[in-house]
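Shown next, in structure tokens, is the structure this report addresses.
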Ligand code: ADP
Ligand code: MG
Ligand code: MG
């Protein structure tokens, strides 16, 4: 299968639904190893992105993702806003001119998103950040050859859970040092919802 512009719009809407439904949980995670605003930040940003997308008729997936990126960058705030913004912007750029979006192009776009997060956050894998989920998903996509909703959702959940045993060395959670162990990284949890939302769209 390939992703249509409607699929991509549905991806953002479904991400928003999952984030709204788990807003309190994301806040609880950020209360443990941060400042407790991650649920509020993400709920605000995705609500605005969904609203923006609903107001317009799009002819390209890249345009949907570009508007998403810009909205997340300006509305999420905190450390995570510019990082999610960068991820969606890199993905948008990689998808330009591909309509509908084929699997390989999407997989390549995720790799670009990962490079963008790394640059922007000066982060690398294993530092207990949202990069850990994006990176594991990009690797999964580039290993496989076609969209599989079930596997994708499993991969996202496992990537998120793996952050639990990591020691945070970036962002606010790094102030907790070893005490960050035993807690799931909030940004990884919200990233997992984003990929679970894509999985839902693919499962149809
Ligand atoms: P803030 O920490 O400013 O309150 P949020 O609570 O919205 O921002 O987001 C925190 C999340 O941002 C963390 O859980 C982590 O996943 C991610 N994060 C923070 N700093 C970095 C970084 N340098 N690189 C990648 N991700 C980061
Ligand atoms: Mg926070
Ligand atoms: Mg904050």
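In the working numbering, the protein residues as written are 689 to 892.
Where a beta carbon is used, it is the ideal one built from N, C-alpha and C, also for glycine.
What you are looking at is a predicted structure, and each value in this text was computed from that prediction instead of being measured.
Closer than 7 Å: is that where the CB of residue i sits relative to any heavy atom of ligand 2?
i           : result
residue 766 : yes
residue 871 : no
residue 723 : yes
residue 732 : no
residue 831 : no
residue 888 : no
residue 755 : no
I'd like to know whether the C-beta atoms of residue i and residue j end up nearer to each other than 8 Å.
i           : j           : result
residue 872 : residue 851 : yes
residue 711 : residue 731 : yes
residue 834 : residue 791 : yes
residue 885 : residue 739 : no
residue 837 : residue 888 : yes
residue 952 : residue 760 : Because the chain spans 689 through 892 in this model, residue 952 falls outside it and cannot be assessed.
residue 717 : residue 877 : yes
residue 809 : residue 825 : no
residue 879 : residue 821 : yes
residue 747 : residue 696 : no
residue 757 : residue 859 : no
residue 857 : residue 815 : yes
residue 849 : residue 869 : no
DSSP state of residue i, grouped into three classes?
i           : result
residue 764 : coil
residue 818 : coil
For my contact list, residue i and residue j are in at a C-beta cut-off of 8 Å; report their separation, rounded to the angstrom.
i           : j           : result
residue 795 : residue 829 : 4 Å
residue 715 : residue 727 : 3 Å
residue 875 : residue 817 : 6 Å
residue 864 : residue 721 : 5 Å
Any chance the CB of residue i is under 7 Å from a heavy atom of ligand 1?
i           : result
residue 825 : no
residue 867 : no
residue 749 : no
residue 817 : yes
residue 710 : no
residue 882 : no
residue 771 : yes
Compare the C-beta of residue i against all C-beta atoms of chain D and say whether one is closer than 8 Å.
i           : result
residue 856 : Structure shown: chain D not included; a single protein chain is present.
Meets three-Cβ-pair contact criterion under 8 Å: the region 838 to 847 and the region 700 to 708
no
Could you tell me whether the region 794 to 801 touches the region 758 to 778, using the rule of 3 or more Cβ pairs below 8 Å?
yes
For the region 743 to 763 against the region 782 to 789, are there 3 or more C-beta pairs whose distance is under 8 Å?
yes
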